[in-house]
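Okay, structure first, notes after.
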Amino acid sequence: MKKFIAVAALGLMATGCAVTPNSASVYNTRQAQGEQTVRMAVVESIRNVTIDKGASGVGTLAGGALGGIAAGSNIGGGNGALAAGIVGALAGGVVGNQVESRVANRPGLEITVRLENGELRAITQDADEAFRVGERVRLLSNGRTTRVTH
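If you want it as structure tokens, here you go:
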């Protein structure tokens, strides 16, 4: 039973830490087969950034549950087990929050481009495609999302 609870808690934590890509190469179901406006531009600057999904709290909850169960059921008895469970839950919650934060944060690029009409635009997306200053690129826009691609 303890193993089942531990595996379930880890699965819950992993599910909550899943990230939605901001990649120019990834389209969700609504975006597939949708029309996009294409504009040509030249890369003016590139800046490394971190894209933070934000904590959902699942890591803290799953870590707390796992820590509480592991410590409370394996250390002491009676009040000792209760105290160990509380300490384990607190420690597990802190660790779970850190794990979720590390998984949710990912490298990104802030790409500033100059459109053909001279206007500047900055687009932030996952750092999964390499760009160079002075390079001619395409901006794909659907009214909500803009992607920079080759």
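For the sequence shown, our numbering begins at -14 and goes up steadily by one.
All residues carry an ideal CB built from backbone N, CA and C; glycine is no exception.
Quiz item: Using a Cβ-Cβ cut-off of 8 Å (strictly less than) and excluding sequence neighbours within five positions of Glu29, which residues of its own chain qualify?
Solution: So the qualifying residues of the chain are Thr97, Val98, Arg99, Leu105, Val118.
Self-check item: CA nearest to the CA of Glu114, picked from His135, Ala50, Asn127, Arg129
Solution: Looking at the Cα atoms, His135 is the closest of the given residues.
Quiz item: Over what stretch of residues does the beta strand (DSSP E) that includes Asp111 continue unbroken?
Solution: Per DSSP, the continuous beta strand (DSSP E) segment holding Asp111 begins and ends at 105 to 111.
Quiz item: Pick from Asp111, Val34, Ala107, Leu46: whose alpha carbon is nearest that of Val79?
Solution: For the set Asp111, Val34, Ala107, Leu46, the Cα lying nearest the Cα of Val79 is the one of Leu46.
Quiz item: Candidates Ile31, Gln110, Arg121: which alpha carbon is nearest Arg142's?
Solution: The first residue shown for the chain is -14 and the last is 135, placing residue 142 beyond what the model contains.
Practice problem: With a 10 Å radius around its C-beta and 16 neighbouring C-beta atoms as the bar for buried, classify Ala17 as buried or exposed. | Solution: Taking a 10 Å sphere around the C-beta of Ala17, we find fewer than 16 other C-beta atoms and assign the residue as exposed.
Quiz item: Of all the options Gly93, Gly103, Ser126, Glu120, which has the alpha carbon lying nearest to the alpha carbon of Lys38?
Solution: From the listed residues Gly93, Gly103, Ser126, Glu120, the smallest Cα separation to Lys38 is found for Gly93.
Quiz item: Can you name the residues that DSSP bridges to Ile31?
Solution: Paired residues: Ile96.
Quiz prompt | Straight-line gap, Ala107 to Ile36 (C-alpha atoms, nearest Å) | solution = Annotation: Ala107 to Ile36 spans about 15 Å, alpha carbon to alpha carbon.
Quiz item: Is it true that the CB of Glu95 sits closer than 8 Å to the CB of Arg32?
Solution: Result yes, Cβ atoms of Arg32 and Glu95 sit closer than 8 Å.
Self-check item: Alpha carbon of Glu101 to alpha carbon of Asn127, nearest angstrom
Solution: The straight-line gap separating the alpha-carbon atoms of Glu101 and Asn127 is approximately 19 Å.
Exercise. For Arg123, I'd like the list of residues in its chain whose CB is within less than 8 Å of its CB, leaving aside the five on either flank, ordered along the chain.
Key: Within the same chain, and ignoring the five residues on either side of Arg123 in sequence, the residues whose Cβ sits closer than 8 Å to its Cβ are Val23, Arg24, Met25, Ala26, Val133, Thr134, His135.
Quiz item: With respect to the beta strand (DSSP E) encompassing Arg123, which residues constitute its N-terminal and C-terminal limits?
Solution: Per DSSP, Arg123 belongs to the beta strand (DSSP E) from 121 to 126.
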